[in-house]
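In the UniProt record's numbering, the protein residues as written are 1 to 105. Please read the structure below before turning to the comments.
As structure tokens, this is what we get:
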């Protein structure tokens, strides 16, 4: 499953459909978000068929950013069966995200 760009209209169905979802809340103008983008792409490749990896543009989808209390970007939230189980704020290495995915698969 390739990286999915999620919107308010598709978000709930997407995260509840998969047992594990990893969602990167980001914005186009955010330098750290651009630094994290290759890591999120690698996560999508590494966990293809095992977890949904998605992105939400906080400027395009402010309702989702507000719903999840996004105060800083990038923020990556991990959902298991539609419920938040962890979150990481800021640029971190791939293994920081992969560790959370592996623990929740």
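Each residue gets a CB set at the ideal place from its N, CA and C atoms; glycine is no exception.
C-beta contact flag for residue i and residue j at 7 angstroms
{"i": "residue 84", "j": "residue 77", "result": "yes"}
{"i": "residue 91", "j": "residue 47", "result": "no"}
{"i": "residue 21", "j": "residue 79", "result": "yes"}
{"i": "residue 53", "j": "residue 3", "result": "yes"}
{"i": "residue 59", "j": "residue 40", "result": "no"}
Closest by C-alpha distance to residue i, when choosing among the options
{"i": "residue 42", "options": "59, 96, 17 and 80", "result": "96"}
{"i": "residue 81", "options": "16, 8 and 12", "result": "16"}
{"i": "residue 14", "options": "55, 34 and 87", "result": "55"}
{"i": "residue 19", "options": "87, 51 and 62", "result": "51"}
{"i": "residue 98", "options": "7, 61, 45 and 33", "result": "45"}
For residue i, the three-state DSSP class (helix, strand or coil)
{"i": "residue 28", "result": "coil"}
{"i": "residue 84", "result": "strand"}
{"i": "residue 77", "result": "strand"}
{"i": "residue 69", "result": "coil"}
{"i": "residue 91", "result": "coil"}
{"i": "residue 12", "result": "helix"}
{"i": "residue 50", "result": "coil"}
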